[in-house]
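Working notes, structure below.
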Ligand SMILES: Nc1ncnc2c1ncn2[C@@H]1O[C@H](COP(=O)(O)OP(=O)(O)OP(=O)(O)O)[C@@H](O)[C@H]1O
Ligand SMILES: Nc1ncnc2c1ncn2[C@@H]1O[C@H](COP(=O)(O)OP(=O)(O)OP(=O)(O)O)[C@@H](O)[C@H]1O
Ligand SMILES: Cc1ncc(C[n+]2csc(CCO)c2C)c(N)n1
Ligand SMILES: [Mg+2]
Ligand SMILES: [Mg+2]
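Protein chains in written order, with our numbering: chain V, 1 to 255; chain W, 256 to 510; chain D, 511 to 825; chain H, 826 to 1071; chain Y, 1072 to 1317.
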């Protein structure tokens, strides 16, 4: 039983492994054959080798990034939920807030980095806020659109049962938004790690972003890519978790 | 008739105007009262004034960015559609490609900028590709999840009518994905302009990103923000277009 | 003469600024054309100029001193052929109203707003130690926002290019003070240089000479007519240099500090002894690594790392 | 006895379709009223007016006693089961809305399942049920709510005769026991006669009431042969619906 | 005449529910077969087997002539109208799938609308229709497909007697004219008798065929009083369903 389950999971991961390996292989071969200079694009084997050599530093820098990612994403989820509910209950808020949120998504880091430093310094907080800022919007759009997708019949039924606005929301609109929520979650969690890395460019002592910046400025593209490998791996794990959660949360879809 | 329609549209935009103006006002007052140095955060009035003075340069730089945004987004739409269809028709592709796409979203520009320059030079093409890369993933997730949301009854009905895989897709899965598509569209178009701005950091002659970088390095935060205003305005217009298209495309939701 | 001009691409290290003045003047004054060259100044990119040069995207690029040493040690045969500035233009800066910072030793335990190179660490600690301090400080990597962070007091000190950020601080009337690296045991260096790949330049000596001479002519003109050169730069960059006062003041500082042409009339040339000194400093501080990221074990012979061979015949 | 519910001159237009022309009738407490009329006449729309989902264009609705949102237990024409709730939780939905915990609601509704032929399907999802089973689940969900007024929109349309009669019998007994007032939309004349105290026959759209009949047959009426009186009434109603003047 | 369709010893389990125990029957070309049985017996599941949506656990289905996917016009129990298609385009869906242009499909189906009581609702969305109107639209969608075999899953369940009789009459005439073979799931015994040549009565789940009846009454049967023979048959079928041995 246990063994077959493990084998089943491995089977599910197989196509992913194949395609990722194929890309790595193609890259290795391309670098080899085209004679691309390692100052521009080191071969994956070299990236892995050098990354492994630098694993202690990489790990030490992955920690703060992961912390910012997870806390920021948690904040993002919480605030997307709160705002989506507010917008659902007070429709004029939708027209009032959406433009503000859209604008918030268009602020390039160079423009706001000085302010972030001024207001929040170099600790974990500004990174958390930036991750939340970047990942918040997809969740919000998904939730708001999800609520709107609710079947009218269900809402009428609930109202006939004496459910108030909140009851209808909780028992019909919220569950109806689940598939949208998960689409948004998968989009948004994909951005969370990158957002944390970018957030570090606004000023940080440690983190994958700082590591990347250093590696780049010290002309070590192999280490840049090693850090990118780590961030990709983190993202893939988070993405897989989100996808797994989706399967678990909608058992009626599987039955 | 015409007049009332105009008034109606204006009424719809009112809450947005109010909230955006409120934020600008708060900012103006904060800068005034807290005595924030204009080298750190210029007042919006100053930003507008200086932005207006530099309008010719701003406009000249907005052009290439808009071109990259629109072409990149068009490419993104097209490829998200193509890949979503491929994934829908060949399910193993989903497991094979999703990890690759997730990884593609985690590549920081600093890591790939050198390759982009080497492969594609400094023209419009690399910007288009980067915009497509960034905005592609939300569309893909939305489409794929949208197809999955299709009512089984409809698919069975179509099959009973002799529709093949393609017929079922076109007549049931595709229309079912529309609301998801638009959620993804609104998310993704929000990122398009920022993506174009970032893409310019990989090397461009002109563009809002180049303008921002130069203004920053020339210690003109007011002009940095003026360019941010322009990019926000562009994004808002695109977002509003997407929202309008959504209303137009799903008349049965309004009836 | 009009027909077959050789196309040459030039990569920048930063957004266009007064360090690039000669390149733009040479274009505007037709020096490239006279030399039979069609020079394209590539847009500034995230990718370092040396990477662009090393991979043939550009034939020439603006190389930073430390960047060059790092790359050459790693086996990339870059070779500077022209020194844009004759002396170090960088310095340590901090808020001039700070009573607690009087000398480099006071920087111990303070927060440094940095740019993310290994060199900075060696530089700053050498300066502090050179003044008798411990050389211990906290680094926050900031990149572009370092100066705002300094102005808002979030960091205690940072580095600047005195002919750019320094001039700006002066224009803004910021009470800023500074320490000069060379005063505390760091060798003087040609902070900004023009170079290419040594094999390529040796294979194309005429083109290289033509380009370096034209650039030299441009820089000489700029040094002699700073105001006019500033106008040329502003015009050539299509409104991107949105702070004309800064350009003019920066040009004045470059001239006054004898950066473009040294007091003895030297322009563009590099003293091999100075190069070796800087190379030794970097080697001694463990900043030179080979292509596999391992510390260089043997001290390289730095002669031949730079060249003056393509400069106009010195008078 | 003063009416519990009173509809006065209701008129309604949906979109550009005039749906109700002039609907007036009273419902007395404990009375079982059936509405019968052609498909598309506007029967379901009357329920939507009662529930306050639509506002009438003209006319008014008065309800004695309970406030509108606590008065009705409503069974919609399409079952409106929530796909994400197991059958037992769909049936218990109304109780949960009334404030019961999920556990208590399950305990309260579980005993009904055998009676509704849904035993063993408590933990199934709605998509795993047959059409008739879904309808029975929706009916159970409505009846457990114990509201003073029952609105049933074609509750037995998807059931075979035997199952249907079983459900009807049970409903008749339960209503008699709880003295619940009920409004039933049906297209089955015999069903109306078996269950109702009063039958209103609606015209095609825009609907108005063509005729109303009191049904005074003795109860229980189900499970035994209908008296001749009933057959006469059935013929009469058929004639009214067919437009044959009495 | 050799059977057009032949089901042999079909068995089916859905989830952990045994649904069909042993179903065997033949359908001859041009024949009208009715399936009658208790709710949840497995009637709709038989259709799903025919359509190839489910695979039987045991037994087999053989079909003469047309390949499976071009043989059936299917009307599902829930109407399955596409919310994003106007009614006229929902009705024309099958024709479009067969390759007709939308314009041609509209032209082909438009004349049917008055007959189905849907005149004026061509350009409405499904959500704007009453339950019975939706059902009629679904029926129209099925019939316009002109397939050799018709699968109708409770096509008249949401219709009032008058509308229903109208539709049935029309169906009877149309089938006679086109010589279409039809399978009808219904829970209305009288409906089965009025329409079918052969009636199979199914047991409760897991379903097997309890009895089969040939209906030899003269046609047309609708629109005039049924002969005594029909009433006898009705009583017989009721007894079979109720488990009363013949
Ligand atoms: N998707 C499904 N998954 C699992 N079980 C199902 C599914 N659909 C139907 N069933 C089960 O199959 C059995 C028969 O269902 P079916 O729909 O064939 O009945 P039916 O005879 O058509 O009933 P009705 O007259 O109520 O429509 C039921 O017990 C039902 O629970
Ligand atoms: N959401 C809606 N928007 C517009 N028109 C509607 C809507 N719902 C129903 N209608 C129209 O209202 C009329 C009456 O519908 P209603 O559902 O009340 O009929 P009904 O008597 O219940 O019919 P049936 O017996 O078929 O269920 C129909 O003509 C229908 O087209
Ligand atoms: C005009 C100009 N200004 C700043 C920098 C970047 N920079 C800021 S501090 C520093 C090091 C000083 O030792 C460098 C290189 C640049 N490259 N060119
Ligand atoms: Mg109705
Ligand atoms: Mg069924």
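Glycine residues also receive a C-beta, built at the ideal position from the N, C-alpha and C atoms. Small disclaimer: the values here were computed from a predicted structure and weren't measured.
Any chain W beta carbon closer than 7 Å to residue i
| i | result |
| --- | --- |
| residue 1 of chain V | Confidence in residue 1 of chain V is poor, its pLDDT being 46 and thus under 50, which makes the residue's placement unreliable; the coordinate value appears in the next sentence. Chain W, which has no Cβ nearer than 7 Å to the Cβ of residue 1 of chain V, makes this no. |
| residue 616 of chain D | no |
| residue 237 of chain V | no |
Sub-7 Å separation of residue i and residue j beta-carbons
| i | j | result |
| --- | --- | --- |
| residue 323 of chain W | residue 382 of chain W | yes |
| residue 108 of chain V | residue 444 of chain W | no |
| residue 1003 of chain H | residue 974 of chain H | no |
| residue 632 of chain D | residue 795 of chain D | yes |
| residue 719 of chain D | residue 820 of chain D | yes |
| residue 1100 of chain Y | residue 1075 of chain Y | yes |
| residue 180 of chain V | residue 142 of chain V | yes |
| residue 428 of chain W | residue 405 of chain W | yes |
| residue 187 of chain V | residue 393 of chain W | yes |
| residue 1031 of chain H | residue 846 of chain H | yes |
| residue 343 of chain W | residue 402 of chain W | yes |
| residue 676 of chain D | residue 670 of chain D | yes |
| residue 1187 of chain Y | residue 1209 of chain Y | no |
Below-7 Å beta-carbon distance, residue i vs any chain B residue
| i | result |
| --- | --- |
| residue 378 of chain W | Here chain B cannot be found, since the structure's protein chains are V, W, D, H and Y. |
Contact with chain Y by residue i, beta-carbon distance below 7 Å
| i | result |
| --- | --- |
| residue 422 of chain W | yes |
| residue 1075 of chain H | Since the first and last residues shown for chain H are 826 and 1071, residue 1075 of chain H lies out of range. |
| residue 411 of chain W | yes |
| residue 983 of chain H | yes |
Residue range of the alpha helix (DSSP H) that includes residue i
| i | result |
| --- | --- |
| residue 135 of chain V | 124 to 148 |
| residue 980 of chain H | It is not in any alpha helix (DSSP H) - residue 980 of chain H carries neither H nor E in the DSSP assignment. |
| residue 113 of chain V | 109 to 120 |
| residue 338 of chain W | 310 to 344 |
| residue 988 of chain H | 986 to 1003 |
CB contact below 7 Å: residue i versus chain H
| i | result |
| --- | --- |
| residue 1258 of chain Y | yes |
| residue 1095 of chain Y | no |
| residue 243 of chain V | no |
Residue i at chain V interface by Cβ criterion, 7 Å
| i | result |
| --- | --- |
| residue 511 of chain D | Any reading at residue 511 of chain D must be qualified, since the residue scores a pLDDT of 44, below 50, and its modelled position is unreliable; the value itself is stated next. Chain V, which has no Cβ nearer than 7 Å to the Cβ of residue 511 of chain D, makes this no. |
| residue 684 of chain D | no |
Host beta strand (DSSP E) of residue i (start-end)
| i | result |
| --- | --- |
| residue 849 of chain H | 842 to 852 |
| residue 667 of chain D | 667 to 671 |
| residue 831 of chain H | 830 to 839 |
| residue 207 of chain V | Taken as a continuous stretch (DSSP letters only), residue 207 of chain V belongs to no beta strand (DSSP E), as it is neither H nor E. |
| residue 1283 of chain Y | 1278 to 1285 |
| residue 550 of chain D | 547 to 551 |
| residue 1145 of chain Y | 1143 to 1146 |
| residue 605 of chain D | 600 to 605 |
Proximity test, Cβ basis, 7 Å: residue i and chain D
| i | result |
| --- | --- |
| residue 369 of chain W | yes |
| residue 110 of chain V | yes |
| residue 117 of chain V | yes |
| residue 484 of chain W | no |
According to DSSP, residues forming a beta bridge with residue i
| i | result |
| --- | --- |
| residue 622 of chain D | D/649 and D/667 |
| residue 589 of chain D | D/706 |
| field | For review: beta carbons within less than 7 Å of any heavy atom in ligand 5 | value | In chain order, the qualifying residues are H/955, H/956, H/957, Y/1114, Y/1115, Y/1148, Y/1224, Y/1225 and Y/1256.
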